[in-house]
Amino acid sequence: MTSPEWLESWTADDGGARVRTLFAASFGDDGGEVGTWSAPGRVNLIGEHTDYNAGLALPVALPHRTWVALRPRTDDVVRLASAQAPGQTWETRLADVAPGATTGWGAYVAGVAWALREAGHDVPGFDAVVDSCVPFGAGLSSSAALECAVAVALDAVAGLGLADDDAGRAALAGACVRAENEIAGAPTGGMDQAASLRCTAGHALLLDCRPGLTPLESATPVPFDLTAAGLTLLVVDTRAEHALVDGQYARRRASCERAAEVLGVASLRDVAPEDLDDALARLDAEPDAEVLRARVRHVVSEIDRTARFADLVRRGRITEVGPLMNDSHASLRDDYEVSARELDLVVDTALAAGALGARMTGGGFGGSAIALVRSADVDGVVAAVDGAFTEAGLTAPGFLLAPPSEPAR
Ligand code: ADP
Ligand code: MG
Numbered sequence: 010m011t012s013p014e015w016l017e018s019w020t021a022d023d024g025g026a027r028v029r030t031l032f033a034a035s036f037g038d039d040g041g042e043v044g045t046w047s048a049p050g051r052v053n054l055i056g057e058h059t060d061y062n063a064g065l066a067l068p069v070a071l072p073h074r075t076w077v078a079l080r081p082r083t084d085d086v087v088r089l090a091s092a093q094a095p096g097q098t099w100e101t102r103l104a105d106v107a108p109g110a111t112t113g114w115g116a117y118v119a120g121v122a123w124a125l126r127e128a129g130h131d132v133p134g135f136d137a138v139v140d141s142c143v144p145f146g147a148g149l150s151s152s153a154a155l156e157c158a159v160a161v162a163l164d165a166v167a168g169l170g171l172a173d174d175d176a177g178r179a180a181l182a183g184a185c186v187r188a189e190n191e192i193a194g195a196p197t198g199g200m201d202q203a204a205s206l207r208c209t210a211g212h213a214l215l216l217d218c219r220p221g222l223t224p225l226e227s228a229t230p231v232p233f234d235l236t237a238a239g240l241t242l243l244v245v246d247t248r249a250e251h252a253l254v255d256g257q258y259a260r261r262r263a264s265c266e267r268a269a270e271v272l273g274v275a276s277l278r279d280v281a282p283e284d285l286d287d288a289l290a291r292l293d294a295e296p297d298a299e300v301l302r303a304r305v306r307h308v309v310s311e312i313d314r315t316a317r318f319a320d321l322v323r324r325g326r327i328t329e330v331g332p333l334m335n336d337s338h339a340s341l342r343d344d345y346e347v348s349a350r351e352l353d354l355v356v357d358t359a360l361a362a363g364a365l366g367a368r369m370t371g372g373g374f375g376g377s378a379i380a381l382v383r384s385a386d387v388d389g390v391v392a393a394v395d396g397a398f399t400e401a402g403l404t405a406p407g408f409l410l411a412p413p414s415e416p417a418r
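Residue numbers (the numbering used here): 10 to 418.
Spelled out as structure tokens, the structure:
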């Protein structure tokens with residue numbers, strides 16, 4: 010393995026050709042028409058563990074995408090193959106898909122068809138294959154990329170027309186969230202699917218996760234012109250183990266819900282930054298006050314940082330967001346306790362090598378970190394991080410460049 014290792018994205022031609030070849034090898038030609046679709050992974054600039062607290066997040070779509078080749082069937086059978094799960098062909102009847110009844114990676118795919126049916130859409134069975142250059146389980150949302158590629162594919166073959174405008178895309182995102190929560194059994198918030206379906210090239214997406222907002226109110230594109238600012242968004246896949254389906258994520262979520270209940274608010278979004286001290290004092294009587302206070306401190310301050318980050322970007326002051334990224338990382342590490350040794354090492358090393366800001370991104374416990382770097386300094390930061398991992402005896406990380414890219418199509 011050459012060092013440092015770059016994780017390149019595929020061109021549209023390459024991604025499409027890969028899944029068409031795999032489809033022919035897996036399911037052959039029955040005369041039906043095979044289409045191809047793709048959807049991006051995402052990287053979150055700031056606003057972590059805020060989506061399920063009705064808060065704000067600011068993701069961008071990666072150039073790295075998951076590709077799907079799909080052919081509708083005349084019955085309700087689903088047959089799947091993935092280049093990332095060789096030899097594990099997956100099959101079900103759509104009528105058998107239900108919460109708790111569907112296991113394996115196919116749950117992310119069949120779950121989308123199930124959720125669209127639950128929403129009243131007439132979705133047929135299908136044969137499909139997938140291939141992806143989104144790193145797996147790296148906090149860059151390969152799961153949402155898979156769901157969202159399938160969602161736009163089913164939207165097209167069922168003639169739903171939802172992918173044609175942002176309101177319809179918000180509805181598709183909702184179906185993908187249900188697939189992930191109820192069929193795949195991962196209790197994630199809505200950020201990943203909204204990012205993959207609703208981000209646009211050259212923009213970050215300011216997501217407002219308050220329930221009841223219209224699609225227009227819930228997501229605002231924010232021009233994010235890194236090139237004009239002479240900056241590069243560097244993503245480091247630490248390859249440290251991360252598993253959101255295990256108990257940690259659910260436990261953080263439960264703490265937030267309990268704190269909101271004690272404080273008498275619908276969600277922690279309703280605690281204004283200026284009322285934080287007062288809210289923390291009101292948690293003092295709880296048996297696990299220290300933990301609850303720390304979780305609330307993170308969520309309330311993180312929502313505020315996200316608003317301030319978006320505001321700086323809107324005013325063309327991208328070079329000034331670094332301290333907000335660094336504060337976000339410290340809060341996730343110390344108050345939310347979801348960082349990992351590898352993530353801290355990326356952040357500390359990147360900052361020492363001249364990054365303007367750095368933080369863990371995604372759910373945490375491993376996964377990826379980001380650094381905002383002057384373009385001229387990228388090679389130096391990459392060499393420093395790569396060297397630090399070698400010195401610490403850790404598995405070599407993977408490096409990605411993240412120009413804000415296209416949504417699912
Ligand atoms: P992340 O979304 O951060 O990459 P998750 O644990 O949420 O990590 O999702 C990873 C899971 O999604 C994999 O374990 C697998 O079940 C499923 N998955 C994602 N992409 C693919 C793919 N291309 N082929 C098969 N399964 C996939
Ligand atoms: Mg995921």
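Think of the CB as a built atom: it goes at the ideal place given N, C-alpha and C, for glycine as much as any other residue.
Would residue i pass as a contact of residue j if the rule is Cβ separation under 8 Å?
| i | j | result |
| --- | --- | --- |
| T328 | L285 | no |
| P406 | T247 | yes |
| D357 | R342 | no |
| R324 | V161 | no |
| E17 | T370 | no |
| P412 | P49 | no |
| D344 | R306 | yes |
| T101 | A119 | yes |
| R314 | L333 | yes |
| L149 | R267 | no |
| A167 | H130 | yes |
| P13 | A392 | yes |
| F374 | I55 | no |
| L272 | A288 | yes |
| S414 | A70 | yes |
| L243 | L410 | yes |
| A349 | A249 | yes |
| S264 | P282 | no |
| V143 | R74 | yes |
| S91 | W123 | no |
Using a Cβ-Cβ cutoff of less than 7 Å, which residues in the same chain neighbour residue i once the five nearest sequence positions on both sides are dropped?
| i | result |
| --- | --- |
| V254 | Its pLDDT being 45, under 50, V254 is placed unreliably in this model, and the value from its coordinates should be taken loosely. G194, A195, listed in sequence order. |
| L125 | V132, L163, A184 |
| A378 | V245, T247, L352, V355, V356, A367, R368, M369, T370 |
| G331 | L365, G366, L381 |
| G134 | R82, D84, D85, V86, V87, L103 |
| Q202 | A153, E156, C157, A182, C185, V186 |
Excluding sequence positions up to five away, which residues of its chain have a Cβ less than 6 Å from the Cβ of residue i?
| i | result |
| --- | --- |
| Y117 | S152, L155, E156, A193 |
| S276 | N62, A63, A269 |
| V43 | F32, A78, R80 |
| F145 | S151 |
Would you identify the three-state DSSP class for residue i, choosing helix, strand or coil?
| i | result |
| --- | --- |
| E100 | strand |
| I312 | helix |
| W114 | coil |
| W76 | strand |
| P332 | helix |
| T45 | strand |
| W123 | helix |
| R88 | strand |
| F135 | strand |
| F408 | strand |
| L65 | strand |
| E415 | coil |
| A107 | coil |
| V143 | coil |
| R51 | strand |
| R71 | As written in the sequence, residue 71 is Leu, which differs from the Arg given in the question. Of the three classes helix, strand and coil, the one that applies to L71 here is strand, per DSSP. |
| E14 | strand |
Go through its chain and collect everything with a Cβ distance to residue i's Cβ below 8 Å, but skip five positions before and after it.
| i | result |
| --- | --- |
| G5 | Nothing can be reported for residue 5: it is not among the residues displayed for the chain, which extend from 10 to 418. |
| L65 | G56, T59, L215, L216, D217, C218, I312, T315, A316, A319 |
| T2 | Beyond the ends of the chain as shown, which are 10 and 418, falls residue 2; an answer cannot be given. |
- Item | Contact the stretch 171–182 vs the stretch 204–214: 3+ CB pairs below 8 Å | yes
- Query: Taking only runs of the alpha helix (DSSP H) that begin and end inside the stretch 213–292, which ones reach a length of at least 4 residues, in chain order?
  - Reply: 224–227, 256–272, 285–291
- Query: With contact counted as at least three CB pairs below 8 Å, one residue from each stretch, are the stretch 213–233 and the stretch 72–79 in contact?
  - Reply: no
- For the stretch 254–267 and the stretch 380–387, state whether three or more C-beta atom pairs, one from each stretch, are separated by less than 8 Å. no
- Which ranges would you report for the alpha helix (DSSP H) in the stretch 152–223 if only whole runs of at least 4 residues count? 175–187, 200–207
- Query: Unbroken alpha helix (DSSP H) runs of length 4 or more, entirely within the stretch 334–385: which are they?
  - Reply: 350–361
- Item | Segment contact flag, the stretch 27–43 with the stretch 135–142, C-beta cutoff 8 Å, min 3 pairs | yes
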